[in-house]
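S.K.:
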Amino acid sequence: MTSRTAIVLWAALLAGLAFAQPPDPAELSRRAKDHMAAGRYGAAVPYYEELVKAMPGNPGLRLNLAMALHLSGNDEKAVPQFELVLKQQPNALPALMLLGASQMRLGHPEKAVGPLEKAMAQAPEDLEGRAMLADALIMLDRYGAAIPHLRKLATAAPQNPKPWYALGKAYEAVSQKAFDDLEKKGLDSPWWLMLAAEVRLKLGRNTAAYALYKAVIEKQPQFRGAHAGLAEVYRRTNHADWAEAELAKEKALPAQACTAPSSACEFAKGRFQQALALASAGKTLESLYWQSKAANELARMSLAELEKLPPSIESHQVLAELYRNQGRNADSLNEWRAALAMAPGDPRLEMEVTSSLYVNRDYPAAEHEAREMLARHPEWPELHFILGDSLVNQQHLEQALPALEKAVELKPDYAAAHAVLGRILLQLGRGKDAISHLSSALPVDTDGSLHFLLSRAYQDAGQASEAAEVMKAYQAIRKSTATGEIEIAPPQP
């Protein structure tokens with residue numbers, strides 16, 4: 008071996024030894040911090056990983072690694088690192104907050120609530136964290152738990168329409184839940200009948216409201232508000248003298264005793280939060296009634312705050328939903344379009360516009376919008392349904408089949424899609440194929456029409472006994488839903 012060769016080999020050996028030397032922690036830390044400061048979070052990750060390997064017991068370094076992973080969008084790897092930090096430091100605020108944020112981004116609100124609640128206990132003024140917690144609770148349908156957080160957000164930023172809108176919708180959900188529970192537990196009670204009457208009156212269904220108010224009075228003659236409701240029905244149907252007679256009966260009811268706090272008394276005083284709190288602690292039919300009433304008033308008040316603010320996405324949404332409930336579909340569509348103009352590309356608002364076109368029976372436009380959206384959201388079953396039924400309503404039955412079949416493939420319990428699919432298969436002479444779809448739609452058959460079609464499908468398939476059995480069910484439904492026209496009569500003496 009020549010001296011020159013030996014020198015080259017020794018140089019290579021020394022270079023290899025130099026490369027194998029452990030990296031300088033200070034240098035790794037400096038490089039990681041430089042990347043973080045420049046917003047290159049993914050580039051910082053390898054440096055923090057090396058530091059954590061070198062010092063696995065250092066929670067600060069592990070927290071930095073977790074933060075770099077989170078900020079670079081790698082939440083799946085960030086979560087276990089945050090959890091390891093919290094094992095060592097259970098109250099580490101950044102770890103709690105960002106663990107909650109990572110779980111939310113991963114679509115795990117149930118795992119986000121715990122750390123976010125602990126974070127809020129330490130940092131109650133952190134509005135961003137509180138908003139995340141409220142969002143997580145709403146995603147879990149825990150509206151009652153979300154309300155205190157939404158109230159704090161609305162109070163802290165009264166000019167922000169988002170918390171007011173979310174608060175109003177949360178109260179609406181609480182009201183609806185109480186109404187549904189009351190319907191299950193006391194369908195024939197004066198409490199449920201009274202709420203049902205109020206709903207019918209708001210919808211302008213005067214005859215139905217009249218019958219329900221009368222039923223309330225028959226069951227409980229001194230039920231407060233029933234005579235006043237009946238008076239409003241009379242007023243709307245141009246019977247002013249009858250209305251006066253019912254108002255006189257309402258005024259003649261004994262004064263309400265309010266010697267102890269009660270939901271009824273708090274509600275009468277306009278103290279709806281207190282009324283809701285007292286009602287929520289009860290377990291009676293009456294408490295469910297006051298829960299629904301108080302929460303509904305609080306929803307109305309929260310959404311009314313939007314009227315005081317400049318036009319916003321949320322204010323347009325409120326009007327769109329109001330018009331939809333009133334059957335003013337064209338006005339609702341205009342409001343959804345106005346909301347979308349303020350947030351172009353928002354898929355939820357695009358879906359509302361498409362749905363409104365469909366509800367407004369503008370089937371060519373609904374078809375066009377559904378196709379446009381499906382190009383971007385092919386796994387959205389409701390879009391396939393709107394496309395399919397819009398084609399059906401334009402008499403393109405064969406073209407509608409693939410869209411409707413895709414809708415039930417994506418959402419097997421999609422009763423509305425099964426109903427339409429079964430109906431058009433029957434029209435196309437494919438009664439045997441229609442049977443399974445019409446059977447799947449029966450749970451939403453309120454008037455018996457689907458039972459009738461299913462009976463026809465069985466007949467077409469040569470299954471006479473099944474057809475006869477379903478026809479019996481159809482006849483029973485028709486008999487139970489057949490009611491004579493109720494005539495609005497003058498008040499009884």
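Be aware that the sequence shown starts at 8, since it is given in my numbering, and climbs by one per residue.
Note that beta-carbon positions come from the ideal geometry of N, C-alpha and C, so glycine has one too.
Please classify GLN298 as buried or exposed, where buried requires at least 16 other C-beta atoms within 10 Å of its C-beta.
M.R.: Here residue 298 is taken as the residue at index 291 of the sequence shown, counted from 1. Buried: at least 16 other Cβ atoms inside 10 Å.
S.K.: Pick helix, strand or coil for GLY80, following the three-state DSSP scheme.
M.R.: Here residue 80 is taken as the residue at index 73 of the sequence shown, counted from 1. Look at GLY80 here: in three-state DSSP terms it is coil, with no helix or strand label.
S.K.: Contact defined as beta carbons within less than 8 Å: I believe GLU321 pairs with LEU329. What is the distance between those atoms, to the nearest angstrom?
M.R.: Locating residue 321 in the sequence shown gives position 314, where the first residue counts as 1. Locating residue 329 in the sequence shown gives position 322, where the first residue counts as 1. Approximately 13 Å separates the beta-carbon atoms of GLU321 and LEU329; this is outside 8 Å, ruling out the contact.
S.K.: Ordered along the chain, which non-local residues of its own chain (more than five positions away) have a Cβ less than 6 Å from that of LEU316?
M.R.: Counting from one through the sequence shown, the residue named residue 316 turns up at place 309. In chain order, PRO168 place their CB closer than 6 Å to the CB of LEU316, counting only its own chain and leaving out the 5 sequence neighbours on each side.
S.K.: So which of GLY114, ASN213, LEU100 has the shortest CA-CA distance to GLU124?
M.R.: Here residue 124 is taken as the residue at index 117 of the sequence shown, counted from 1. When each option's Cα is compared against that of GLU124, the closest is LEU100.
S.K.: For the alpha helix (DSSP H) that contains GLY136, what are its first and last residues?
M.R.: Reading the sequence shown from its first residue, position 129 is the one you call residue 136. Where GLY136 is concerned, the enclosing alpha helix (DSSP H) stretches over 134 to 146.
S.K.: So what does DSSP say about PHE230, is it helix, strand or coil?
M.R.: Locating residue 230 in the sequence shown gives position 223, counting from the first residue. It is coil, neither helix nor strand.
S.K.: Could you spell out where the alpha helix (DSSP H) holding ASP188 opens and where it closes?
M.R.: Start at 1 with the first residue of the sequence shown, and residue 188 comes out as number 181. Residues 168 to 192.
S.K.: Among residues of its own chain, excluding the 5 on either side of ALA252, which ones have a beta-carbon nearer than 7 Å to its beta-carbon?
M.R.: Along the sequence shown, one-based indexing puts residue 252 at 245. Taken in chain order, the residues that qualify are PRO498.
S.K.: So, TYR178 versus ALA73, is the Cβ gap smaller than 7 Å?
M.R.: The residue given as residue 178 occupies position 171 in the sequence shown. The residue given as residue 73 occupies position 66 in the sequence shown. Not closer than 7 Å, so no.
S.K.: Can the beta-carbon of GLU412 be found closer than 7 Å to that of MET380?
M.R.: The count along the sequence shown starts at 1 and reaches residue 412 at position 405. The count along the sequence shown starts at 1 and reaches residue 380 at position 373. It is not a contact, given that the beta carbons lie outside the stated cut-off.
S.K.: Can you list, in chain order, the stretches of the alpha helix (DSSP H) that have 4 or more residues and sit fully within the region 313 to 349?
M.R.: 320 to 332, 336 to 349
S.K.: Taking 7 Å as the threshold (C-beta atoms), are PRO170 and ALA161 in contact?
M.R.: As a first step, residue 161 must be located in the sequence shown, where it is residue number 154. As a first step, residue 170 must be located in the sequence shown, where it is residue number 163. Cβ distance < 7 Å, so ALA161 and PRO170 count as in contact.
S.K.: Between the alpha carbons of LYS300 and SER182, how many angstroms are there, rounded?
M.R.: One-based indexing of the sequence shown puts residue 300 at position 293. One-based indexing of the sequence shown puts residue 182 at position 175. Those two C-alpha atoms are separated by around 7 Å.
S.K.: Give a yes or no on contact between the region 345 to 352 and the region 364 to 381, applying the rule of three or more CB pairs nearer than 8 Å.
M.R.: Between the region 345 to 352 and the region 364 to 381 there are fewer than three inter-stretch CB-CB distances shorter than 8 Å, so the stretches are not counted as touching.
S.K.: Do ALA75 and ALA44 have their C-beta atoms within less than 7 Å of each other?
M.R.: The residue labelled residue 75 in the question sits at position 68 within the sequence shown. The residue labelled residue 44 in the question sits at position 37 within the sequence shown. Taking 7 Å as the cut-off, the Cβ atoms of ALA75 and ALA44 do not count as close.
S.K.: Is it right to say ILE493 is buried, meaning 16 or more other beta carbons lie within 10 angstroms of its own, or is it exposed?
M.R.: As a first step, residue 493 must be located in the sequence shown, where it is residue number 486. Exposed, because fewer than 16 other Cβ atoms sit within 10 Å of the Cβ of ILE493.
S.K.: So what does DSSP say about ASN213, is it helix, strand or coil?
M.R.: On the sequence shown, position 206 is the one that residue 213 refers to. The answer is helix: DSSP assigns ASN213 an H, G or I state.
S.K.: Measure how close the beta-carbons of LEU433 and ALA426 come, nearest whole angstrom, since I'm counting them as under 8 Å.
M.R.: Position 426 of the sequence shown, counting from 1, holds the residue named residue 433. Position 419 of the sequence shown, counting from 1, holds the residue named residue 426. Actually they do not touch by this definition, with Cβ atoms about 11 Å apart.
S.K.: From this set, LEU260, LYS118, ALA448, PRO197, which residue's C-alpha is nearest GLU293's C-alpha?
M.R.: As a position in the sequence shown, residue 293 is number 286, starting the count at 1. Closest option to GLU293, Cα to Cα, is PRO197.
S.K.: Please classify ARG37 as buried or exposed, where buried requires at least 16 neighbouring CB atoms within 10 angstroms.
M.R.: Position 30 of the sequence shown, counting from 1, holds the residue named residue 37. Looking at its Cβ environment, which holds fewer than 16 other Cβ atoms inside 10 Å, ARG37 is exposed.
S.K.: ILE493 by DSSP, collapsed to three states: which one?
M.R.: On the sequence shown, position 486 is the one that residue 493 refers to. The answer is coil: DSSP assigns ILE493 none of H, G, I, E or B.
S.K.: Please say whether LEU260 and GLN229 have beta carbons closer to each other than 7 Å?
M.R.: Translated into positions along the sequence shown, residue 229 becomes position 222. Translated into positions along the sequence shown, residue 260 becomes position 253. Their beta carbons are under 7 Å apart, which means GLN229 touches LEU260 by this criterion.
S.K.: GLY395 lies in the alpha helix (DSSP H); which residues open and close that run?
M.R.: On the sequence shown, residue 395 is found 388 positions in, with the first residue counted as 1. Here the alpha helix (DSSP H) through GLY395 covers 388 to 400.
S.K.: Buried or exposed: which applies to GLY221, given that a residue is buried once 16 or more other Cβ atoms fall within 10 Å of its Cβ?
M.R.: Indexing the sequence shown from 1 puts residue 221 at position 214. Residue 221 is actually Lys in this sequence, not Gly. That one is buried.
S.K.: Kindly indicate the opening and closing residues of the alpha helix (DSSP H) around CYS265.
M.R.: In the sequence shown, the residue the question calls residue 265 occupies position 258. For CYS265, no alpha helix (DSSP H) segment is defined, and its DSSP state is neither H nor E.
S.K.: Here's a check: name, in chain order, each residue in its chain whose Cβ is nearer than 6 Å to the Cβ of LEU295, leaving out the five neighbours to either side.
M.R.: Here residue 295 corresponds to residue number 288 of the sequence shown, with the count starting at 1. For LEU295, where only same-chain residues beyond five positions count, the Cβ hits under 6 Å are ALA185, ASP188, LEU189.
S.K.: Mapping DSSP to helix, strand and coil, what is LEU21?
M.R.: For the purposes of this step, residue 21 is taken as the residue at position 14 of the sequence shown. For LEU21, the predicted structure reports a pLDDT of 38, less than 50, and the residue's modelled location is therefore unreliable. A value from the coordinates is still provided. In this structure, LEU21 counts as helix in the three-state DSSP scheme.
S.K.: Quick one, which of VAL415, ASN245, GLY469 has its alpha-carbon nearest LEU445's?
M.R.: For the purposes of this step, residue 445 is identified with residue 438 of the sequence shown, where counting begins at 1. Measuring from the Cα of LEU445, the nearest candidate turns out to be VAL415.
S.K.: With 16 as the cutoff for other CB atoms within 10 Å, does LYS176 come out buried or exposed?
M.R.: Start at 1 with the first residue of the sequence shown, and residue 176 comes out as number 169. Under this definition LYS176 is a buried residue.
S.K.: Under a Cβ-count criterion, where at least 16 other Cβ atoms within 10 Å of its own Cβ denotes burial, should THR291 be classed as buried or exposed?
M.R.: Here residue 291 refers to the residue found at position 284 of the sequence shown. Classification for THR291: exposed.
S.K.: Using only the alpha-carbon positions, how far apart do ARG69 and GLN166 sit?
M.R.: Here the question's residue 69 lines up with position 62 in the sequence shown. Here the question's residue 166 lines up with position 159 in the sequence shown. Using only the alpha carbons, I get a separation of about 39 Å.
S.K.: Would you report the Cα separation of GLY438 and VAL477, rounded to the nearest angstrom?
M.R.: What you label residue 438 is simply residue 431 of the sequence shown in a count that begins at 1. What you label residue 477 is simply residue 470 of the sequence shown in a count that begins at 1. So the two alpha carbons sit approximately 15 Å from each other.
S.K.: Near GLY436, what residues of its chain come up, given a Cβ to Cβ distance below 8 Å and the 5 sequence neighbours on each side ignored?
M.R.: Here residue 436 is taken as the residue at index 429 of the sequence shown, counted from 1. Around GLY436: ASP467.
S.K.: Three-state secondary structure (DSSP) at HIS246?
M.R.: Numbered from its first residue, the sequence shown carries residue 246 at position 239. Three-state DSSP puts HIS246 in coil, outside helix and strand.
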